[in-house]
Amino acid sequence: MIRDIRREEINRYAERVGFTVGEEELDGFHALARDVLSRVERFQQLVGPLVPPPSVVAGPRNTGRPPLPGEDPCNAVLRWVDVRADEAERTSDLLAGKRIALKDLIAVAGVPMTVGSRVMQNSTPQSDAVLTERVLRSGGRIVAMTNLEALAFSGGGETSSFGPIRNPFDLGRTASGSSGGSASVLFHPHVDIAFGTDQGGSIRLPASWCGVLGLKPTFSLVPYTGLASLDRTFDHVGPLTRTASDMAIAMAAVSGAHPSDPRQAGPVPELPFAEAVRTAGDDLRGLRIGILTEGTRFPDDGHEGRAETLAAMEQVWERFAELGAELIEISVPEHEVAGSIMFAALLEGVAATVYGNGEGYHFSGRYAPEQREAFGKGVAAYGDEMPGSFKAVAAIGEYLRDRYFGAIYATAQSSIPALRTAYDHALAQVDVLAMPTASHYAHRVDPGADDFAKALRGWTMLDNTPLHNATGHPALSIPAAEADGLPVGVMLVGPHFSDHRLIAIAETYERRFGWLPQPAPVHGSEITL
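Per our numbering, the very first residue in the sequence shown carries number 24; after that it's consecutive.
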């Protein structure tokens with residue numbers, strides 16, 4: 024039932040969109056507004072048969088419980104669950120026997136979804152995300168919803184309303200973010216494969232700090248329908264795994280076109296992930312790897328781990344050469360400004376998403392009305408509890424929109440094709456580009472840091488990751504180095520839709536050198552619900 028707008032409310036809402044209604048106009052305006060709202064009410068009465076029912080994969084769903092003391096020392100899990108598909112719903116066995124963890128912003132119907140914040144504490148999706156559907160129909164068993172930065176907006180691993188996410192190599196350090204729980208949970212014996220999201224490095228940074236593989240796929244390759252969003256032009260979802268072979272089957276299960284995702288405007292190819300790993304050679308002869316000059320220039324700010332990260336890269340380059348790859352120094356000057364362009368766009372993009380109650384407007388596809396309502400009510404009730412980084416970015420984004428009328432966002436978005444072209448030009452000279460994933464290794468948990476200190480700490484490692492969210496190139500972090508006993512990720516970037524080739528390179532490296540040793544046994548035990 025739509026409530027009529029009151030005469031005295033008219034100017035409050037009019038002023039929000041930039042005008043006022045004079046006293047002599049109020050009666051006419053009120054009558055017109057009431058007529059418009061009556062049409063909306065009629066729409067609500069008639070539209071029911073046209074709205075598709077919730078999309079839910081049939082099968083047993085145990086919505087589970089939070090971890091008990093001692094089950095999850097890394098604080099990687101918000102909820103243990105047990106969700107499977109009925110045999111009749113299965114379309115493949117790609118993930119048969121695999122236990123899957125999902126970042127707690129990927130919708131699983133009937134399972135509470137927090138997005139790492141008390142703002143969303145009363146949110147329970149009615150539909151499965153497309154990724155959830157594909158995991159279940161491929162035989163995967165969803166066993167955990169993982170902790171993340173509050174509203175998925177930081178890289179530091181410290182802003183979740185449910186506590187910092189700990190690093191399995193050193194519980195005094197964080198797992199990074201925003202998909203920190205999806206990286207850290209891979210050292211729990213109850214989980215085989217995890218999925219996270221990436222808007223500026225949020226899969227790759229935790230993968231780097233926690234010593235696992237993390238892929239930000241080519242933009243649009245994996246449907247984003249049913250996931251919480253920051254800006255649909257930058258949103259990506261992808262897997263984190265301990266092995267290249269698991270990465271390949273995860274991507275084979277969840278990638279491909281889906282009519283509900285408007286980001287897939289062009290053709291989305293089916294990539295031969297399984298074949299790429301199966302046929303990966305024992306060496307990298309003939310592969311040209313471009314060592315990105317700008318990717319190894321980090322701020323000289325004394326941050327712990329910067330120099331050590333660069334030093335660790337030297338061993339990786341030697342190992343690539345030992346495998347027969349040709350190493351070529353290559354420069355992309357635009358790389359150094361790309362992060363600023365991405366950040367300028369994201370400010371207003373985040374503000375618009377907040378205005379759109381966590382989902383936004385202006386796309387043709389599947390919406391989640393119940394999630395929008397939960398977000399709006401949550402912000403009204405608990406908005407002050409949002410992390411300082413998110414509040415600051417949303418407020419400044421609104422300031423820029425109000426002061427410059429969206430021109431900053433438009434200018435940033437308009438410059439992105441030039442960045443994409445610059446990277447495409449570099450990738451025409453080499454097969455892949457390589458650089459450190461994060462510009463320093465895992466930082467220490469600081470219990471005394473306030474919201475704004477956490478915000479600044481959460482942006483210190485972002486030198487190399489955000490631009491690929493803008494250009495859409497696939498970027499894979501592999502755990503090929505370590506420094507001071509901590510993992511250091513190396514990022515491989517390839518042409519659009521070369522995701523399978525990046526995984527094949529990782530497979531070859533893994534066969535020859537393996538990945539980092541397992542961390543100390545802090546990862547808990549098998550779970551019974």
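Don't be surprised by glycine CBs; every beta carbon is placed ideally from N, CA and C.
Note that the coordinates shown come from a computational prediction; the quantities given were computed from them, not determined experimentally.
With DSSP as the reference, label Leu-159 as helix, strand or coil. helix
Could you tell me the alpha carbon to alpha carbon distance between Glu-408 and Gly-186, rounded to whole angstroms? Rounded to the nearest angstrom, the gap between the Cα atoms of Glu-408 and Gly-186 is 13 Å.
(Q) Pairs of beta-carbons, one from the stretch 259-276 and one from the stretch 240-247, closer than 8 Å: are there three or more? (A) yes
Euclidean distance between Cα positions of Ala-553 and Ser-437 = Examination of residue 553 is not possible in this model, given that the chain is present from 24 through 552 alone.
Worksheet item: Span of the alpha helix (DSSP H) holding Trp-340?
Response: 329-345
(message) Using the Cβ count rule (16 or more neighbours within 10 Å means buried), how would you classify Glu-533?
(response) buried
Beta carbon of Gly-381 nearer than 9 Å to that of Gly-399: yes
| query | Alpha carbon to alpha carbon, how far is Ala-404 from Ala-397? | reply | 10 Å
Whole-Å CB distance - Ala-132 paired with Gly-162, under 8 Å assumed: Between Gly-162 and Ala-132 the Cβ distance is about 18 Å, and since that is not below 8 Å, they are no contact.
query: Just curious, the alpha helix (DSSP H) that Glu-47 is in, first and last residue?
result: 46-69
Give the straight-line distance between the Cα atoms of Pro-191 and Gln-541, rounded to the nearest whole angstrom.
-> 9 Å
Notebook entry, point to check: Hey, Ala-99 and His-211: beta-carbon distance below 9 Å or not?
Noted result: yes
inquiry  = Can you list, in chain order, the residues of its chain with a C-beta nearer than 6 Å to that of Glu-349? Leave out the 5 residues immediately preceding and following it.
reply    = Arg-311
Check your understanding: What beta strand (DSSP E) runs, 3 residues minimum, are completely inside the stretch 109-133?
Key -> Runs of the beta strand (DSSP E) inside the stretch 109-133: 122-126.
Helix, strand or coil for Asp-522 per DSSP?
In the structure shown, Asp-522 falls within a helical segment according to DSSP collapsed to helix, strand and coil.
Residue span of the beta strand (DSSP E) that contains His-448, given as start and end: First-last for His-448: 430-450, but that is the alpha helix (DSSP H), not the beta strand (DSSP E).
Quick one: give me the first and last residue of the beta strand (DSSP E) that Ala-493 is part of.
Per DSSP, Ala-493 belongs to no beta strand (DSSP E); it is in the alpha helix (DSSP H), 490-494.
Query - Nearest-angstrom beta carbon gap, Ala-271 and Ala-299 [assumed within contact, 8 Å] - result: 7 Å
| query | What is the DSSP secondary structure of Leu-315, counted as helix, strand or coil? | reply | Strand.
Margin query: Taking 9 Å as the threshold (C-beta atoms), are Ala-375 and Gly-328 in contact?
Written below: Their beta carbons are not under 9 Å apart, which means Gly-328 does not touch Ala-375 by this criterion.
Considering only residues of the same chain and omitting the five flanking positions on each side of His-448, which have a CB-CB separation below 6 Å? none
Exercise. Taking Lys-126 and Ser-202 to be in contact with their CB atoms under 8 Å, please state how far apart those CB atoms are, rounded to whole angstroms.
Key: Indeed they touch by this definition, with Cβ atoms about 5 Å apart.
| said: Assuming contact is defined by CB atoms lying nearer than 9 Å, are Ala-130 and Thr-155 in contact in what I supplied? | reply: yes
Chain-order list of residues whose beta-carbon lies under 6 Å from that of Ala-361 (same chain, five-residue window excluded): Only Leu-442, Leu-490 meet the Cβ criterion.
Give the DSSP-derived three-state secondary structure of Ile-351 in the structure shown.
strand
Could you pull out every residue in the same chain whose Cβ sits closer than 7 Å to the Cβ of Ala-417, ignoring the five residues on either side in sequence? Counting only Cβ-Cβ distances below 7 Å, and skipping sequence neighbours, we find Val-373, Ala-374, Val-377.
Beta-ladder partner(s) of Val-235, from DSSP: None; Val-235 has no bridge partner.
>> Can you give me the C-alpha to C-alpha distance between Pro-96 and Val-59, rounded to a whole angstrom?
In response: 55 Å
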